[in-house]
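Read top to bottom, the protein sequences are chains A and B. This note's numbering applies: residue 1168 is where the first sequence begins, and numbers increase by one. This note's numbering applies: residue 13 is where the second sequence begins, and numbers increase by one. Think of the CB as a built atom: it goes at the ideal place given N, C-alpha and C, for glycine as much as any other residue.
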Amino acid sequence: MIEIADLSKRYGRHLAVDKISFEVARGEIVGFLGPNGAGKTTTLRMLTGFLPPTSGAARIAGHDIFRESLEVRKRIGYMPENVPLYTEMRVKEYLRFRGGLRGMGGSHLRKRLGEVLDLCGLTDVRRKMIKTLSKGYRQRVGLADALIHEPDLLILDEPTNGLDPNQIRAIRRLIQNLGEKHTILLSTHILSEVEMTCNKVVIIDGGRIKAADTPENLVNSMRRAGRITVELQAPISIAEPLLNSIDVVTKVNSQSLQDGWNRFTVFVAPNTDTRLKLSNLAIENRWPLRALSRGTGTLEEVFVELTRKD
Amino acid sequence: MRIFRILFFKELKTYFLTPFGWLIMAFAALMQGFVLSTTLEAFENESQNESLVHVTFNSPLFWFYFLILFPVLTMRLFSEESRSGTLEGLLTAPVRTWQVVLSKYFAAYVCFVILWIPVFIHFKLFTIITDIPPPFAPGELYGAMTIIMLMGALFTAFGCLASVMTSSQIIAGVVCIGILLVHFFLGLVTEQYGDTIAAAPVFNFVSCQNHLQAFSRGLLDTRPFAYYLATTSFVLLLTHHLLDFRRWKP
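Okay, structure coming up:
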């Protein structure tokens, strides 16, 4: 659905996006993560044709974003950051206007208007002026605007920014439902949201892609997940070489505890689980074992690990 | 064409479904009436060599309010959208840039044309109320209206250009009035330096004061038509490219 190849954007001397490449397949919900100023919004603006890339190329549904901008824009529904709306228009009037710009009209537009008002929970406020609406409702109007022409691809720039927890849940549920029919690329820095809704994550920092994978794989491949703590009643001099001899183990730290037990911190390669081997080792050598645990990471820790400045 | 129509009516609605358009109309009607009544007073006090239409439209007071109309009408058009961010939504919808530019331009221009309906009524009322033959020929009124429409076309385009350059309405308004004043004073150069200077034909050619004088005598000249329409197209082209620039600047 989206193919990005070496896309860069330079603002004067500042390189905002530096040769990023990734792909989004049809039907995926992709979370686009990064700290503030990482280049998320710039990337999304390039994809929607609002800003041209300095170099590189991207295709959406097979159309080049630069040369066939109009074709691309027909196929996407874009909700910009902070959801700018014509505040002096009424909700239904605004959505009818935006539908018209997408070439809709007549009974088709009328039908879709009813559907998106219903879907986004706007039916009660459809005659209100947008300037009288709360932030949560404006966000929903923006989403309805992006959805009205049933686009193949939805691009949402921080869809839950500034909402209260209930509203965030409602929007999240809406995005999950939409994911059944649409491909979605959403940028955010709220990680719990990504863990719950997305089946792929792209992490960007300083204009470069740091990781692109499923949330589970990212969590499993992080440093903490490769650290196992074992507490044994075994002499350090014997146990340490034995632990080191396991093939995936890269390093072992030992520490004697006050009560006669020893704690071993075993570093193993990412994406492996060595706990069974360790317990078998303890059984074979008849070492009493009282603790065996693997560091569990969260996406938040992955994010911090990848984007930390130090 | 459908998208142009949708954009055009949306713009026109923002003029007339908000107090904004009505305030401008009230201001214009008030000033038009004020200029006409001071002219009538002048007619009462001493005899005039020119017709009522000619004197009305060639007073300094006329230029004063006429030039103010354009920044007020146009400063909001693009700058407000780029300030509030709605330009992003507009330009990422499948619309062409020329549709955006022309729809905004024509909405402002139509609004400008509507402002001149009261003038017609004023001059018609003169005959109805006083029951004496009007002190002007119909051709003079139509001529004056024609040149005002032509000048309006160009000056509205200047306003669009000023508005697309900035995201601040105030700056857009100031730039617009600046362009209009420079254009206005170009026409006065020959009054200052005489018709003998080498560039005098150029200054006379672009002089809106000269155009208005000729047309409000009922003298139709094709040169101003060419000047205003060609320059309007050029300024709109510039506006289009400035707006489109964000799409292809490296």
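- Check the Cα spacing between V1258 of chain A and each of A:G1281, A:K1348 and A:V1308: the tightest is with A:V1308.
- Residues G199 of the same chain have their beta carbon placed closer than 6 Å to that of Q221 of chain B, with the five preceding and five following residues left out of the count.
- Note that the C-beta distance between V1361 of chain A and G1198 of chain A is below 7 Å.
- With a beta-carbon spacing of about 15 Å, L1310 of chain A and T1350 of chain A fall beyond the 8 Å limit used to define contacts.
- In the structure shown, I36 of chain B falls within a helical segment according to DSSP collapsed to helix, strand and coil.
- For V107 of chain B, the closest Cβ of chain A is nearer than 7 Å.
- Residue environment: L231 of chain B is assigned as exposed (fewer than 16 neighbouring CB atoms within 10 Å of its CB, all protein chains considered).
- For S1460 of chain A, there is no enclosing alpha helix (DSSP H); the enclosing beta strand (DSSP E) covers residues L1456 to R1461.
- Chain B has no Cβ within less than 7 Å of the Cβ of L1321 of chain A.
- For the pair of segments examined, the stretch 81-88 of chain B was found to touch the stretch 165-185 of chain B: the number of CB pairs separated by less than 8 Å reaches three.
- Against chain A, the beta carbon of R259 of chain B has neighbours under 9 Å at G1216, F1217, L1218, P1219, F1233 and S1236, listed in chain order.
- Per DSSP, reduced to three states, the secondary structure at T1221 of chain A is coil, with no helix or strand assignment.
- Contact between the stretch 200-213 of chain B and the stretch 96-113 of chain B is absent: fewer than three C-beta pairs spanning the two stretches fall below 8 Å.
- Beta-bridge analysis with DSSP links H1181 of chain A to A:Y1178.
- Look at Q1422 of chain A here: in three-state DSSP terms it is strand.
- Secondary structure in the stretch 23-77 of chain B: no beta strand (DSSP E) run of 3 residues or longer lies completely within the stretch.
- In chain order, V113, C172, L173 and V176 place their CB closer than 6 Å to the CB of T251 of chain B, counting only its own chain and leaving out the 5 sequence neighbours on each side.
- Not a single CB atom of chain B sits nearer than 7 Å to the CB of R1180 of chain A.
- Residues of the stretch 1331-1349 of chain A that bring their beta carbon within less than 9 Å of a beta carbon in chain B are absent altogether.
- At least 7 Å separates the CB of K1295 of chain A from every CB of chain B.
- In the same chain as E1190 of chain A, and ignoring 5 residues on each side of it, the C-beta atoms closer than 6 Å to its own belong to E1170, in chain order.
- Annotation for A1379 of chain A: the continuous beta strand (DSSP E) segment containing it runs R1375 to D1380.
- Residue contact check for G1374 of chain A against chain B: no CB pair falls below 7 Å.
- In the displayed model, D1324 of chain A falls within a strand according to three-state DSSP.
- Residues M1168 and T1350 of the same chain have their beta carbon placed closer than 7 Å to that of R1193 of chain A, with the five preceding and five following residues left out of the count.
- For the stretch 87-98 of chain B, the residues whose beta carbon sits under 7 Å from a beta carbon of chain A are, in order, S96, G97 and T98.
- In the structure shown, F148 of chain B falls within a coil segment according to DSSP collapsed to helix, strand and coil.
- Around E152 of chain B, the same chain offers S63, V65, H66, S228, R229 and G230 as residues with beta carbons nearer than 7 Å, after the five sequence neighbours per side are excluded.
- Within the stretch 1264-1278 of chain A, F1264, R1265, G1267, L1268, R1269, G1270 and G1272 place their CB atoms closer than 9 Å to a CB of chain B, listed in sequence order.
- Of the candidates B:Y239, B:F135, B:P236 and B:P130, the residue whose Cα lies closest to the Cα of L52 of chain B is B:F135.
- The contact set of K1241 of chain A on chain B, defined by CB atoms closer than 8 Å, consists of P106 in chain order.
- At least one CB atom of chain B sits nearer than 7 Å to the CB of P1251 of chain A.
- Sixteen is the threshold: when 16 or more other Cβ atoms of the shown chains lie within 10 Å of the Cβ of V1416 of chain A, as they do, the residue is buried.
- Among the residues of chain B, those whose CB is under 9 Å from the CB of Y1245 of chain A are E100, G101, T104 and A105, following chain order.
- For V125 of chain B, the secondary structure class from DSSP, reduced to helix, strand or coil, is helix.
- Checking the DSSP bridge columns, you'll see G1198 of chain A partnered with A:L1353 and A:V1368.
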